[in-house]
Amino acid sequence: MSVDDNAVGWSRDDMAKRAAFDIPDGAYVNLGIGIPELVAKHVPEGREVVYHTENGLLGMGPSPVDDEGDPELINAGKRRVTAVPGASYFHHADSFVMIRGGHIDICVLGAMQVSEHGDLANWSTGSPDSIPAVGGAMDLVAGANTIRVITQHCTRDGQPKLVEACSYPLTGAAVVKRVYTDLAVVDIGANGFQLVELAPGIDFEHVRDLTAAELRPLPN
Amino acid sequence: MSVDDNAVGWSRDDMAKRAAFDIPDGAYVNLGIGIPELVAKHVPEGREVVYHTENGLLGMGPSPVDDEGDPELINAGKRRVTAVPGASYFHHADSFVMIRGGHIDICVLGAMQVSEHGDLANWSTGSPDSIPAVGGAMDLVAGANTIRVITQHCTRDGQPKLVEACSYPLTGAAVVKRVYTDLAVVDIGANGFQLVELAPGIDFEHVRDLTAAELRPLPN
Amino acid sequence: MIDKELPTVAEAVADIFDGATVMIGGFGEAGSPIELIHALIDQGASGLTVVNNNAGSGEVGLAALLKSGGVSKLICSYPRTAGSRVFPDLYRSGRIELELVPQGTLSERIRAGGAGIPAFFTPTAVGTPLQDGKEIRTFDGRDYVMEHGLTADFALVKCSRADRHGNLVYNKTARNFGPVMATAAATTIVQASEIVDIGALDPEVVVTPGIFVSRVVGVAKPALESELVAREVSYP
Amino acid sequence: MIDKELPTVAEAVADIFDGATVMIGGFGEAGSPIELIHALIDQGASGLTVVNNNAGSGEVGLAALLKSGGVSKLICSYPRTAGSRVFPDLYRSGRIELELVPQGTLSERIRAGGAGIPAFFTPTAVGTPLQDGKEIRTFDGRDYVMEHGLTADFALVKCSRADRHGNLVYNKTARNFGPVMATAAATTIVQASEIVDIGALDPEVVVTPGIFVSRVVGVAKPALESELVAREVSYP
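Residue numbers (the numbering used here), protein chains in the order written: chain A, 1 to 220; chain B, 221 to 440; chain C, 441 to 676; chain D, 677 to 912.
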């Protein structure tokens with residue numbers, strides 16, 4: 001099976017929606033670039049979640065329509081956004097007080113690899129000709145209270161992203177608590193990968209075969 | 221001669237005026253409690269000096285008349301003050317960024333003792349029953365670019381305050397560059413105390429006798 | 441919905457426990473959350489470690505909290521106030537422990553605590569008795585003292601205006617320690633002279649973003665320590 | 677009288693010397709002082725060490741400065757921009773040195789530099805290749821990396837409004853690195869979209885107090901990097 005062929009499993013929006021479901025009312029949340037950005041669209045009815053973007057805004061709202069807006073009101077991915085009522089602006093050092101100081105409840109990031117120990121690699125392939133660029137990822141994984149990951153279960157060429165040990169340079173060691181993929185929700189605990197939920201139409205064996213480390217099944 | 225009997229020499233206002241004369245146009249200045257506070261009244265015509273008070277105000281103005289004003293607009297001595305046009309408020313950590321980071325050009329402090337090496341003692345007699353209280357003095361002497369002192373040349377009971385070595389606990393070591401007393405202006409350099417100027421009616425021998433360390437006379 | 445507003449100061453401080461570390465904002469009376477402090481006295485928690493720049497004046501506010509006997513340790517830069525007897529009496533009779541910290545080191549330790557920085561180096565206090573027992577390290581030929589970040593279980597902060605998210609603005613030099621203490625406490629409790637609608641505070645001028653605030657209680661006309669002291673009020 | 681205003685960007689950057697360290701504000705195009713950067717290109721200083729979060733885009737602003745060959749080292753958290761070839765080409769051909777610093781460590785190092793703090797400990801980058809060669813120390817059972825304060829000879833900062841004292845306010849997320857860089861440079865040079873009368877800025881809302889600012893120059897309608905890039909402008 002090609003993983004790009006997502007006839008079964010969760011779409012990018014499904015994954016984001018599933019992650020959004022786990023974010024409680026009142027949480028302060030930082031969303032990484034890519035699929036994590038979609039989480040903001042799926043806050044369940046009746047909850048109020050405050051989004052932080054590390055370039056100096058708490059209370060980030062959706063991107064303005066038709067790419068209007070202020071070119072100096074952007075998110076960490078340099079996309080134009082809006083500010084919701086109750087927002088505040090601050091400088092970079094203060095923004096990372098929020099991150100490093102443990103004030104962000106949940107951070108949802110993308111990943112290149114996640115190990116069964118919760119190690120995360122999401123900033124560099126380590127290839128000598130790549131341009132290394134880390135941004136705020138290392139600060140987020142070191143500082144936010146709960147780190148979750150949204151990622152396709154496998155790379156475009158079918159390599160598992162959930163592994164025994166990351167081969168890419170780490171963003172942080174033992175930091176990821178939960179992973180949302182197109183196939184499943186997987187927790188990471190003292191015993192490694194623990195299946196929490198399967199996407200519709202996906203069975204345990206399929207996920208297990210695409211996971212390059214032991215995956216514990218749902219408890220009976 | 222009793223030092224309290226200041227028929228000759230400089231008054232408190234004279235000392236403050238002399239210190240103010242040495243503050244250049246455009247300087248950012250922090251003034252300690254006591255005689256140093258008087259310096260602000262004596263800025264020479266045509267100069268603009270910005271006063272910093274460590275409790276969170278840059279652009280401190282004089283105390284309001286008749287003790288009006290806002291009880292939450294005070295200086296480091298907890299006296300009500302005003303804010304001049306161009307002022308700004310900030311929190312304590314930011315205020316000490318200005319101090320520790322070397323952004324304050326001149327700090328004028330009071331003293332209990334100053335040594336010929338520039339050591340300053342101005343926070344504690346070291347007496348076991350005194351209440352120790354340091355405030356921002358140690359931060360100011362460690363951080364401001366130039367530390368000057370205004371003080372009576374001797375204590376109330378006639379003890380010299382300019383000494384070879386401080387007997388009181390230090391506020392900072394090798395920090396004071398210039399001292400204004402009721403009798404003289406004295407610089408502190410590699411060779412210790414250097415007379416710069418005598419108050420009217422005061423001769424060198426008088427100041428020398430009331431200084432408990434070598435005092436170099438005015439160069440010929 | 442996020443609504444951090446509580447109706448009374450008593451409810452706001454109800455869970456401060458015996459032995460807690462409590463940061464209390466204010467420099468002198470400016471920014472002193474006097475109603476929250478009085479509520480804490482009424483609540484009766486004991487064995488507290490209090491962090492404040494001063495030690496209060498008269499027998500109200502912080503001085504009253506000290507007098508109540510609920511404070512076993514004070515972390516402070518300047519515990520001397522003209523005319524106040526409460527702290528000197530406790531200190532001289534050995535009934536309170538004092539950790540004296542230079543004011544800039546105190547504010548930076550609190551900021552570091554809130555910023556996830558366990559330790560930093562400062563030139564302040566080098567060559568003085570306040571460096572005793574601390575690690576000294578040389579950078580570029582100058583000596584520095586290593587100081588540790590400071591955190592607390594609770595912070596009591598006074599501000600001028602707040603919204604239900606806990607966004608705060610302050611009045612003039614009453615700002616002082618409030619913003620850094622709000623970052624450094626597990627639970628930050630704020631008394632606001634006014635609670636405004638969400639969106640009423642311009643995002644450009646918010647000083648303390650709501651992420652640092654746990655509870656807000658409106659205290660419309662806060663008492664002034666200096667007025668109470670002038671009237672020789674003694675709390676409770 | 678204090679008047680930090682200069683009439684032109686050329687005069688404002690005239691004394692930036694070969695080999696200087698120059699902090700440049702901005703996160704992407706937000707807060708990028710593009711007119712000051714272009715003036716620096718025209719001025720021709722070389723061998724610069726530049727501190728910025730990114731590496732510019734297209735061939736204007738920061739990317740143009742890099743392309744000019746005047747920069748020998750970049751201290752940066754994220755030198756990757758879709759569609760920009762300038763930095764990748766310089767980097768791959770070994771013509772520029774890169775010091776990669778996590779974004780929060782970068783902003784804190786700059787703040788520390790401005791605050792007189794030579795070093796501090798952070799949990800960021802522990803267990804990653806970016807801890808290599810750095811001191812690791814354990815506090816309360818957790819490992820931290822020691823990082824050093826960062827200062828500069830010059831900072832180039834963009835703000836929305838300034839007065840002749842150098843008090844500054846910013847526009848939205850264009851604030852980013854400006855306030856901390858202003859504290860960390862020996863000479864801080866600011867371009868302001870508007871210069872207002874002294875007293876026109878409310879003291880409660882000033883973000884950068886004038887003490888941190890050396891020079892202010894008005895640039896009434898600053899160019900937008902994204903618009904220049906879209907028009908494929910190449911500076912000079």
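Glycine is no exception: its CB is placed at the ideal position from the N, C-alpha and C atoms. All figures in this text were calculated on a predicted structure; none of them were measured in a lab.
Can you give me the Cβ contacts of residue i inside the same chain, cut-off strictly under 6 angstroms, excluding the 5 residues immediately before and after it?
i: C:GLY466; result: SER472
i: C:THR591; result: GLY553, ALA624
i: B:GLY297; result: ILE253
i: B:LEU438; result: LEU415
Does at least one heavy atom of the ligand HEM sit under 7 angstroms from the Cβ of residue i?
i: B:ASN295; result: The ligand content of the structure shown is nil, which means the ligand HEM is not present either.
Quick one: what's got a C-beta closer than 7 angstroms to residue i's C-beta in the same chain, skipping five residues either side?
i: B:MET318; result: HIS272, ILE324
i: B:ALA307; result: LEU277, LEU278, GLY279
i: A:ASN122; result: LEU109, GLY110, ALA111, MET112, ALA137, THR171
i: B:VAL361; result: LEU340, ILE367, THR391, GLY392, VAL395
Mind reading off the beta-carbon distance from residue i to residue j? Whole number of angstroms is fine, and I expect it under 8 angstroms.
i: C:GLY498; j: C:SER533; result: Wrong, their Cβ atoms sit about 19 angstroms apart, outside the cutoff.
i: D:GLU681; j: D:ILE871; result: 6 angstroms
i: A:LEU215; j: A:LEU195; result: 6 angstroms
i: A:GLU116; j: A:GLU164; result: 6 angstroms
i: D:ILE793; j: C:PHE527; result: About 31 angstroms; that fails the 8 angstroms criterion.
i: B:VAL394; j: B:GLY338; result: It should be noted that the sequence gives Ala, not Val, for residue 394 of chain B. Contact flag correct, Cβ pair sits at about 5 angstroms.
i: D:HIS824; j: D:ALA795; result: 5 angstroms
i: D:TYR767; j: D:LEU774; result: 6 angstroms
Given residue i, which residues of its chain have a CB within under 8 angstroms of its CB, disregarding the five upstream and five downstream residues?
i: B:LEU293; result: LEU277, ARG300, VAL301, THR302, ALA303
i: C:GLY607; result: Just to set this straight, residue 607 of chain C is Asn in the shown sequence, not Gly. If we look at C:ASN607 and ignore the five residues flanking it on each side, its Cβ neighbours are LEU641, VAL646, THR648, PRO649, GLY650, VAL653.
i: B:VAL263; result: ALA240, ILE243, VAL269
i: A:SER124; result: SER130, PRO132, ALA133, VAL134, TYR168, PRO169
i: C:ILE481; result: ALA504, LEU505, SER508, GLY510, TYR675, PRO676
Give me the Cα-Cα distance between residue i and residue j, rounded to the nearest whole angstrom.
i: B:ARG209; j: C:THR628; result: Residue 209 of chain B lies beyond the range of chain B shown here (221 to 440); nothing can be said about it.
i: A:LEU31; j: A:LEU120; result: 16 angstroms
i: B:SER350; j: C:TYR518; result: 12 angstroms
i: A:ILE193; j: D:ASP816; result: At residue 193 of chain A the sequence reads Phe, which differs from the Ile that was named. Cα-Cα distance, rounded: 28 angstroms.
i: B:GLY246; j: D:ARG840; result: 11 angstroms
i: C:SER508; j: B:CYS374; result: 42 angstroms
i: D:ARG756; j: A:ARG156; result: 22 angstroms
i: B:LYS381; j: B:GLU274; result: 26 angstroms
i: B:PHE316; j: B:GLY363; result: 9 angstroms
i: D:THR684; j: D:ALA906; result: 27 angstroms
i: A:PRO71; j: D:TYR846; result: 13 angstroms
i: C:LEU668; j: D:GLY803; result: 55 angstroms
i: A:ARG208; j: A:VAL185; result: 12 angstroms
i: C:SER600; j: C:GLY468; result: 17 angstroms
i: D:PHE830; j: D:SER722; result: 14 angstroms
i: C:ILE536; j: C:ALA495; result: 11 angstroms
i: D:VAL698; j: C:LEU502; result: 47 angstroms
i: D:GLN867; j: D:LYS834; result: 5 angstroms
i: A:VAL29; j: D:ILE812; result: 29 angstroms
i: D:ASN852; j: A:ALA212; result: 40 angstroms
So, is the C-beta of residue i closer than 8 angstroms to a C-beta in chain G?
i: B:MET332; result: Within the model displayed, chain G is absent; protein chains A, B, C and D are what it includes.
Item to check | the region 721 to 730 of chain D contacting the region 748 to 755 of chain D, beta-carbon criterion three pairs below 8 angstroms | outcome: Judged by pairs of C-beta atoms under 8 angstroms, the region 721 to 730 of chain D touches the region 748 to 755 of chain D, as three or more such pairs exist.
Checklist entry - Is the region 681 to 695 of chain D touching the region 631 to 645 of chain C, taking contact as three or more C-beta pairs under 8 angstroms? => result no
Checklist entry - If we count Cβ pairs, one from each stretch, closer than 8 angstroms, do we get three or more for the region 99 to 118 of chain A versus the region 28 to 41 of chain A? => result Yes, the region 99 to 118 of chain A is in contact with the region 28 to 41 of chain A.
Item to check | the region 234 to 243 of chain B in contact with the region 393 to 409 of chain B per 3-pair CB rule at 8 angstroms | outcome: yes
Checklist entry - Between the region 127 to 135 of chain A and the region 85 to 96 of chain A, do at least 3 Cβ pairs fall closer than 8 angstroms? => result no
Item to check | Any beta strand (DSSP E) of 3 or more consecutive residues that is wholly inside the region 364 to 423 of chain B | outcome: 366 to 370, 396 to 400, 404 to 409, 412 to 418
Next on the checklist: Quick check: the region 280 to 287 of chain B against the region 650 to 658 of chain C, are at least 3 beta-carbon pairs closer than 8 angstroms?
Outcome noted: Flag = no, the region 650 to 658 of chain C and the region 280 to 287 of chain B do not touch.
Checklist entry - Is there contact between the region 846 to 856 of chain D and the region 781 to 792 of chain D, where contact requires at least three CB pairs shorter than 8 angstroms? => result Touching, per the Cβ criterion.
Next on the checklist: Does the structure place the region 572 to 582 of chain C close enough to the region 366 to 377 of chain B that three or more beta carbon pairs sit under 8 angstroms?
Outcome noted: no
Checklist entry - Taking three-plus beta-carbon pairs below 8 angstroms as touching, is the region 471 to 485 of chain C in contact with the region 662 to 669 of chain C? => result Judged by Cβ distances under 8 angstroms, the region 471 to 485 of chain C makes contact with the region 662 to 669 of chain C, as three or more pairs qualify.
Item to check | Every unbroken beta strand (DSSP E) inside the region 24 to 57 of chain A [3 residues or more] | outcome: 28 to 31, 50 to 53
Checklist entry - Taking only runs of the alpha helix (DSSP H) that begin and end inside the region 101 to 145 of chain A, which ones reach a length of at least 4 residues, in chain order? => result 137 to 143
Item to check | In chain order, each beta strand (DSSP E) run of at least 3 residues that lies wholly inside the region 827 to 897 of chain D | outcome: 828 to 838, 861 to 871, 891 to 894
Item to check | Segments assigned alpha helix (DSSP H), at least 4 residues, entirely inside the region 727 to 775 of chain D | outcome: 737 to 743, 762 to 768
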